[in-house]
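According to numbering that gives the first Met the number 0, the sequence shown is numbered sequentially starting from 0. For glycine and all other residues, C-beta sits at the position ideal for the given N, C-alpha and C. All values reported here derive from a predicted model rather than from experimental measurement.
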Amino acid sequence: MGLLQPHVRHGRRVCQADLIVPFRPLLPTTVRWRPIEGDGLEHVTIAPINDTATGAAIRASGVIIGGRGGSPYGVFYRIDCAANWAVLSFSVETTEGRRLALLSDGKGHWRTEDGLSLPQFDGCIDIDLYGSPFTNSLPIRRLELTPEDGTAKLSMLYIPFDSFEPVRDGQYYTCIVPGALYRYAAEDRAFTVDLPVDADGLVIDYPIYFKRVDL
0 MGLLQPHVRH
10 GRRVCQADLI
20 VPFRPLLPTT
30 VRWRPIEGDG
40 LEHVTIAPIN
50 DTATGAAIRA
60 SGVIIGGRGG
70 SPYGVFYRID
80 CAANWAVLSF
90 SVETTEGRRL
100 ALLSDGKGHW
110 RTEDGLSLPQ
120 FDGCIDIDLY
130 GSPFTNSLPI
140 RRLELTPEDG
150 TAKLSMLYIP
160 FDSFEPVRDG
170 QYYTCIVPGA
180 LYRYAAEDRA
190 FTVDLPVDAD
200 GLVIDYPIYF
210 KRVDL
């Protein structure tokens, strides 16, 4: 029997026996979540694409309606990712017509559609939309963490729907069960939650806040 060839993954050397892909290949899929309290809905379709101009291989198109925080909102969003789930672009637009759209090189460097560089977000590879269980899946799919990887500290580009002004947001992700359960924690550790995911790495339920809706 030949020796297993080592690889480098998340900065550590692993063998081929370790390279178990926790999620199935992505097929077009549509999911919905409802808030546990109050009215609202997130409806999103995620599908493979082949955009040779931008390099995008995955597209998520969704709508979110809700009222968390006391202010009702309704937004449409589109997120394009590379094959490794790194965000390359996103757009968010309210039903009133407010719009935010940014582009990334997939390595944490952002710019506007007009080409203006946004160095304040350097290092933010993933995005987090307010009230969206789907965007929790972006770092889960991109990192494919194992318990041996420990906890990953991330800088997220967070978009609140009240101001539409993106901000940096520190978050932690830890794999509890590969391909099944991941722990999210806020930067100050004031909020921690374990997120079960399906075979696509999409959040099933978000304890306290959201629950998956059967289609």
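Using only the alpha-carbon positions, how far apart do residue i and residue j sit?
{"i": "Val7", "j": "Phe120", "result": "In this predicted model, Val7 has a pLDDT of only 40, less than 50, meaning its place in the structure is not dependable enough to derive any value."}
{"i": "Ser218", "j": "Val176", "result": "Residue numbering for the chain in the displayed model covers 0 to 214; residue 218 lies beyond these limits and cannot be assessed."}
{"i": "Phe75", "j": "Val91", "result": "6 Å"}
{"i": "Thr51", "j": "Ala189", "result": "42 Å"}
{"i": "Ser116", "j": "Phe160", "result": "22 Å"}
{"i": "Val192", "j": "Val30", "result": "21 Å"}
{"i": "Ser131", "j": "Pro165", "result": "15 Å"}
{"i": "Ala56", "j": "Ala82", "result": "5 Å"}
{"i": "Trp109", "j": "Asn135", "result": "20 Å"}
{"i": "Ala100", "j": "Pro118", "result": "16 Å"}
{"i": "Pro47", "j": "Gly114", "result": "26 Å"}
{"i": "Gly10", "j": "Gly105", "result": "With a pLDDT of only 46 at Gly10, under the threshold of 50, the placement of this residue in the model should not be trusted, and no figure is reported."}
{"i": "Leu144", "j": "Ser154", "result": "16 Å"}
{"i": "Ala179", "j": "Ser70", "result": "33 Å"}
{"i": "Pro24", "j": "Tyr129", "result": "27 Å"}
{"i": "Arg77", "j": "Arg33", "result": "19 Å"}
If the criterion is Cβ atoms closer than 8 Å, does the pair residue i and residue j meet it?
{"i": "Gly200", "j": "Phe22", "result": "yes"}
{"i": "Ile126", "j": "Leu137", "result": "yes"}
{"i": "Val86", "j": "Ile45", "result": "no"}
{"i": "Glu147", "j": "Gln170", "result": "no"}
{"i": "Cys174", "j": "Tyr183", "result": "no"}
Grab the span of the beta strand (DSSP E) containing residue i for me, first residue to last.
{"i": "Ser131", "result": "Taken as a continuous stretch (DSSP letters only), Ser131 belongs to no beta strand (DSSP E), as it is neither H nor E."}
{"i": "Ala52", "result": "No beta strand (DSSP E) holds Ala52; DSSP gives it neither H nor E."}
{"i": "Ala151", "result": "150-158"}
{"i": "Trp32", "result": "28-34"}
{"i": "Asp199", "result": "Neither: Asp199 is in no beta strand (DSSP E) and is coded neither H nor E."}
{"i": "Gly73", "result": "72-80"}
{"i": "Tyr208", "result": "Counting along the chain, Tyr208 falls outside any beta strand (DSSP E), and DSSP gives it neither H nor E."}
{"i": "Phe89", "result": "86-93"}
{"i": "Gln170", "result": "166-176"}
Name the residue from the options whose alpha carbon lies nearest to the alpha carbon of residue i.
{"i": "Ile35", "options": "Gly65, Ala56, Asn49, Thr28", "result": "Gly65"}
{"i": "Val62", "options": "Thr173, Gly39, Glu112", "result": "Gly39"}
{"i": "Asp213", "options": "Glu41, Pro24, Leu26, Leu25", "result": "Glu41"}
{"i": "Thr225", "options": "Asp113, Tyr72, Leu26", "result": "Outside the shown range of the chain (0 to 214) lies residue 225, about which nothing can therefore be said."}
{"i": "Leu26", "options": "Arg33, Thr53, Arg58, Gly54", "result": "Arg58"}
{"i": "Ser60", "options": "Thr53, Thr28, Ser70", "result": "Thr28"}
{"i": "Tyr172", "options": "Ala179, Gly178, Lys152", "result": "Lys152"}
Short of 6 Å in beta carbon distance, which residues of its chain neighbour residue i, apart from the five on each side in sequence? Order them along the chain.
{"i": "Arg140", "result": "Trp84, Gly200"}
{"i": "Ser133", "result": "The question names Ser, but residue 133 in the sequence shown is Phe. So the qualifying residues of the chain are Val43."}
{"i": "Ser88", "result": "Asp79, Leu102"}
{"i": "Tyr157", "result": "Asp127, Val166, Asp168"}
{"i": "Asp197", "result": "Ile203"}
{"i": "Leu2", "result": "Caution applies to Leu2, whose pLDDT of 31 falls short of 50 and renders its modelled position unreliable; the value that the coordinates give is listed next. Within the same chain, Leu2 has no close Cβ partners at all."}
{"i": "Thr111", "result": "none"}
{"i": "Pro206", "result": "Val192"}
Spatial neighbours of residue i within its chain, please: C-beta separation below 7 Å, excluding the five flanking residues on both sides.
{"i": "Gly107", "result": "Asp121, Gly122, Cys123, Ile124"}
{"i": "Asp204", "result": "Pro195, Lys210, Arg211"}
{"i": "Arg97", "result": "Phe163"}
I'd like the list of long-range same chain contacts for residue i, defined as Cβ closer than 8 Å, with 5 residues on each side in sequence excluded.
{"i": "Gly54", "result": "Ala81, Leu87, Gly105"}
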